[in-house]
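**Q** Listed in order, the protein sequences are those of chains A and B.
When the count follows this note's numbering, it moves up by one through the first sequence with no breaks and lands on 231 for the last residue.
When the count follows this note's numbering, it moves up by one through the second sequence with no breaks and lands on 231 for the last residue.
Each residue gets a CB set at the ideal place from its N, CA and C atoms; glycine is no exception.
There are 2 protein chains.
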Amino acid sequence: MTPFAELPPPPYYAVIFSSLRTPDDDTGYAAMADRMVELAREQPGFLGVESARGEDGFGITVSYWASEEAIRAWRAHAEHRIARETGRSTWYQHYELRVARVERAYALPVHRRDPMS
Amino acid sequence: MTPFAELPPPPYYAVIFSSLRTPDDDTGYAAMADRMVELAREQPGFLGVESARGEDGFGITVSYWASEEAIRAWRAHAEHRIARETGRSTWYQHYELRVARVERAYALPVHRRDPMS
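1. Check each candidate in B:F118, B:S181, B:V163, B:S177 and name the one with the smallest Cα separation from L134 of chain A.
2. Taking one C-beta from the region 151-171 of chain A and one from the region 177-189 of chain B each time, how about it: are there three or more such pairs within less than 8 Å?
3. Does L134 of chain B come out as helix, strand or coil in the three-state DSSP assignment?
4. Take every Cβ of the region 183-190 of chain A, pair it with every Cβ of the region 211-224 of chain B, and state whether three or more of those distances are shorter than 8 Å.
5. Hey, quick one: how far does the beta strand (DSSP E) through T175 of chain B stretch, first residue to last?
6. For chain B, is any of its Cβ atoms less than 8 Å away from the one on S177 of chain A?
7. Count the CB pairs spanning the region 209-216 of chain A and the region 138-147 of chain A that are closer than 8 Å, and state whether there are at least three.
8. Hey, could you find the ends of the alpha helix (DSSP H) R195 of chain B is sitting in?
9. Work out the CA separation of E193 of chain B and S203 of chain A for me, nearest whole Å.
10. Going along chain B, which residues have a C-beta under 7 Å from A147 of chain A?
11. With a threshold of 16 other CB atoms inside 10 Å of the CB of I130 of chain A, please say whether the residue is buried or exposed.
12. Could you check what DSSP says for A187 of chain B in three-state terms: helix, strand or coil?
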């Protein structure tokens, strides 16, 4: 499965979540993270998500949404709220969350190594 | 050193760069990545950068800028252009780049584990 989100042309919205994990409760964290992605996919206006975390425990997850309203609804989702509480108390040493409006997007041309192109 | 960017209050701009590395030329890549961060820090309007890459080779780097003009100037920087060329030909299997305007920002309260707070 590709780690890249397949998104429509801009504009759309991005929630940029950068976080530093505690060393605590890896199993619970992994289960929660999977569940949150599964749940996010069911939300109206969800467009996609990309996520990376290094061995130092620092990670960035960017979720993409059709509108600010979709982000607000996801923020208010009961199960997501509970996960956030446990995140704050247990899983994260620190995090930063930024909401942004994506205005332009580019990608590496897919066939760049094709000698005929 | 903290992996978090220390940013002014929004609005500001984010360049969200997600990429999948090739297995090729790790040494050259690491040197280029360090040099690009060093060079970006010298650019007018640069605010900060956060970066994470997992063992699967998928990574996200978000750089933050004061204005769209600052992003354009960085895009035109000669040494950055050369690095991008090598990125396209050698280091990246694929990448996506999205330019966004950050409108709101939140952080985990720093002293949440202080029993007096």
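**A** Let me lay it out:
1. B:F118
2. no
3. strand
4. no
5. 172-179
6. no
7. no
8. 192-200
9. 44 Å
10. Those do not exist, as A147 of chain A stays about 13 Å from chain B at its closest Cβ, beyond 7 Å.
11. buried
12. helix
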